[in-house]
Amino acid sequence: MACLAVLIVVLVQLAASRHDSIALPTSVGSIEPTPAPTTAPGLLPRSSSSPQLGSGSGPDVPVYRAVQATPPNPARPVQLMIPSVDLAVAVDPVGVTPDGSVDIPSDVRRAGWYRFGSVPGDATGAVVVVGHVDSKTQGLGRFASLATVSVGEAVRVTVTGGQTYDHRVVARSLLSKRSLPVDQIFGSTGRPRLTLITCGGPYIRSQGGYQDNLVITAVPIGASS
Amino acid sequence: MRRSLATPVMGVIASLVAVPALLFSAGSARAADSATLSVFHGVPGVTVDVYLDDKKAIDNFEPGMMAGPLSVPAGKHVIAITAADAADASKPIIGPVTVTLAAGDNYTAVAHLTVDGKPTATLFTDDTASIAAGQGRLTVRHTAAAPAVDLLVGGKAVAGFTNLTNPNDAAADLPAGTLNDVAVAATGTTSPVIGPTKLTVAAGANTIVYAWGSLADNNLKVAVQTINGLGSSPSGANAGDAGLVAPSQQSFSTLSLVALVAALLGLGFFGRRLSLSRN
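Note that the protein sequences, when read in sequence, are chains A and B.
Read in order, the letters of the first sequence correspond to residues 0 to 224 in numbering that gives the first Met the number 0.
Read in order, the letters of the second sequence correspond to residues 0 to 278 in numbering that gives the first Met the number 0.
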């Protein structure tokens with residue numbers, strides 16, 4: 000019986016270790032509180048006689064011409080590649096659906112970049128790329144292969160103009176859709192990161208289908224041209 | 000990384016606890032004892048100094064410029080605006096005005112012209128409530144020496160932004176994006192007194208547009224202030240509807256169970272044979 004007990008423990012641990020490499024995004028320190036709103040236009044501090052609060056002892060007060068800042072960097076992701084799982088997928092900009100969830104290209108062979116989030120190269124925040132794991136009418140989606148991506152593997156994002164951004168996977172997590180940490184996944188604050196999202200976990204038709212989101216977090220390892 | 004069953008479970012618990020805790024602390028930080036104040040100079044043709052509580056806060060402040068954001072203690076403050084060569088706040092050209100700022104709120108004090116063209120100051124409260132994912136907030140403030148106006152987009156008055164009078168504002172949350180044909184016209188008319196121009200309503204930001212200057216002096220202008228960081232995240236991602244990948248996972252679990260049972264049975268038989276053969 001002792002042998003049986005040991006065997007059971009080993010089997011249970013093996014089963015557990017399947018999930019053990021799945022570090023939650025918390026472990027990569029990507030949870031950060033949403034900062035208080037700031038007035039942050041294109042600051043044009045004046046070169047001379049910097050205005051100050053109080054009689055010279057307070058902080059400088061930024062003074063700038065009140066015009067609309069030029070639009071942000073227009074470069075956006077156009078392709079995502081994960082060589083270790085033979086994934087190469089075209090990426091389209093997406094927004095939100097009427098129900099408030101992130102929009103996803105209906106073509107399961109394409110992925111979507113959340114255009115209200117960060118872009119590769121931004122100093123902070125999540126570059127979010129979403130894709131269908133499957134479709135009743137189209138079968139398996141390209142993002143089905145995310146299930147076999149492992150920590151440490153490389154992810155390359157190509158943006159308009161051809162510049163590439165390389166990343167390394169630091170976490171793969173199955174997270175319940177009911178308690179998805181959306182600010183952590185989509186947030187424009189916190190360390191720069193790439194978040195890949197699809198569906199996973201149990202499929203329960205009477206409860207909306209897939210119960211979980213499969214979330215892969217990768218961090219940039221430098222930009223190249 | 001520790002390999003134990005407890006790790007993922009503890010991780011989940013930690014994340015469930017940590018997320019609300021951090022959100023709560025962020026909320027608490029906002030509700031600290033300070034308010035946020037910006038100052039906009041919308042009086043044409045005059046360079047000024049701005050005094051806050053009798054201390055010079057902004058030196059040689061020119062029309063069309065914005066100063067801030069300043070973090071100031073909540074409560075009452077006195078704002079006075081003087082000529083740029085004034086020695087102190089004793090002879091203001093606008094004010095002194097006493098304002099009461101609530102902790103955690105954002106304000107913009109605007110030096111501008113009344114509808115009759117006289118210098119004045121107005122304190123506006125900037126709406127920093129969170130904005131739904133994919134939307135931006137547009138605020139329009141009438142601080143010009145001009146009669147009531149309508150905001151026009153594509154030549155048509157925009158509901159909620161009509162009959163706006165000095166010194167008032169109007170705001171709405173809209174789908175984020177760039178409006179290509181934005182203009183301001185006297186209420187009920189469609190010939191622009193300002194514009195047409197492009198205006199980007201950025202996602203997650205309050206884009207505050209000021210109409211300032213004087214219609215009579217033919218120097219009406221637009222100024223833009225942006226308060227970022229107000230956006231919300233999407234509610235989730237519905238990225239599959241067929242269940243094609245779930246069955247394989249379930250069958251894997253089933254296989255594991257079958258393997259476990261088989262292994263146990265096999266071990267049992269093997270053990271029994273061993274013991275039999277020993278006998």
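Where a beta carbon is used, it is the ideal one built from N, C-alpha and C, also for glycine.
Since the structure is predicted, the reported quantities are computational estimates derived from the model, not experimental observations.
The region 153-173 of chain B makes no contact with the region 219-231 of chain B, as fewer than three CB pairs between them are under 8 angstroms. Ala110(B) and Ile130(B) have their C-alpha atoms spaced approximately 28 angstroms apart. Bounds of the alpha helix (DSSP H) holding Val181(A) are Val181 to Phe185.
In summary, the residues of the region 231-243 of chain B whose CB is separated from some CB of chain A by less than 9 angstroms are Ser231, Ser232, Pro233, Ser234, Gly235, Ala236, Asn237, Ala238, Gly239, Asp240, Ala241, Gly242 and Leu243, in the order they occur in the chain. Residues of chain B with a Cβ closer than 8 angstroms to the Cβ of Val168(A) do not exist; the shortest Cβ-Cβ separation is about 14 angstroms. Proximity of chain A to Ala73(B) at the Cβ level (cut-off 9 angstroms) is not reached, the minimal Cβ distance being about 14 angstroms. With its beta carbon less than 8 angstroms from one in chain A, Ile57(B) belongs to the interface. In this structure, the alpha-carbon of Ala125(A) lies about 20 angstroms from that of Ala87(A). In terms of CA proximity to Gly94(B), Asp52(B) leads the group Ala171(B), Asp126(B), Asp52(B) and Gly67(B). Beta-carbon to beta-carbon, Thr197(A) and Val148(A) are separated by about 11 angstroms, too far to satisfy the 8 angstroms threshold. Within the DSSP bridge table, the entry for Lys55(B) names Tyr50(B) as partners. Here Asp211(A) is bridged, per DSSP, to Ser175(A) and Gly199(A). The Cβ atoms of Val129(A) and Ala236(B) lie closer than 8 angstroms to each other.
Note on geometry: alpha-carbon atoms of Thr199(B) and Ala245(B) lie some 43 angstroms from one another. Per DSSP, Arg109(A) is one residue of the beta strand (DSSP E) stretching across Arg109 to Tyr113.
For the pair of segments examined, the region 70-85 of chain B was found to touch the region 30-50 of chain B: the number of CB pairs separated by less than 8 angstroms reaches three. 8 angstroms or more divides the Cβ of Thr119(B) from the Cβ of Tyr106(B). The Cβ atoms of Ala170(A) and Val156(A) do not sit closer than 8 angstroms to each other. Counting only unbroken stretches of 3 or more residues, the beta strand (DSSP E) elements lying wholly within the region 163-196 of chain B are 168-174 and 176-185, in sequence order. Residue burial annotation: Lys90(B) is exposed, with fewer than 16 other C-beta atoms found within 10 angstroms of its C-beta. Contacts between Gly133(B) and chain A, judged by CB atoms closer than 7 angstroms, involve Gly94, Val95 and Phe115 in chain order.
In the displayed model, Val168(A) falls within a strand according to three-state DSSP. The Cβ-Cβ distance between Asp121(A) and Ser175(A) does not fall below 8 angstroms. Per DSSP, Asn227(B) is one residue of the beta strand (DSSP E) stretching across Lys220 to Asn227.
For Lys75(B), the enclosing beta strand (DSSP E) starts and ends at Gly74 to Ala82.
Counting other Cβ atoms within 10 Å of its Cβ, Asn205(B) reaches 16 or more and is therefore classed as buried. For Asn105(B), the uninterrupted beta strand (DSSP E) segment begins and ends at Asn105 to Leu112. Judged by DSSP in its simplified three-state form, Ser70(B) adopts strand. By the Cβ neighbour-count rule, Gly161(A) is exposed, with fewer than 16 other Cβ atoms within 10 Å of its own.
By a beta-carbon distance limit of 8 angstroms, Val62(A) contacts Ile57(B). Their separation comes to about 7 angstroms. Between the C-alpha atoms of Gln67(A) and Leu243(B) there is a straight-line separation of about 48 angstroms. Non-local C-beta neighbours of Gln137(A) in its own chain, meaning closer than 7 angstroms and more than five positions away in sequence, comprise Val107, ordered along the chain. Judged by their CB atoms, Pro119(A) and Pro92(A) are not nearer to each other than the 8 angstroms cut-off. Between the beta-carbon of Arg192(A) and that of Ala217(A) there is about 7 angstroms, and that keeps the pair under the 8 angstroms contact cut. No residue range can be given for Pro119(A), since it is assigned to no beta strand (DSSP E) and is classified by DSSP as neither H nor E.
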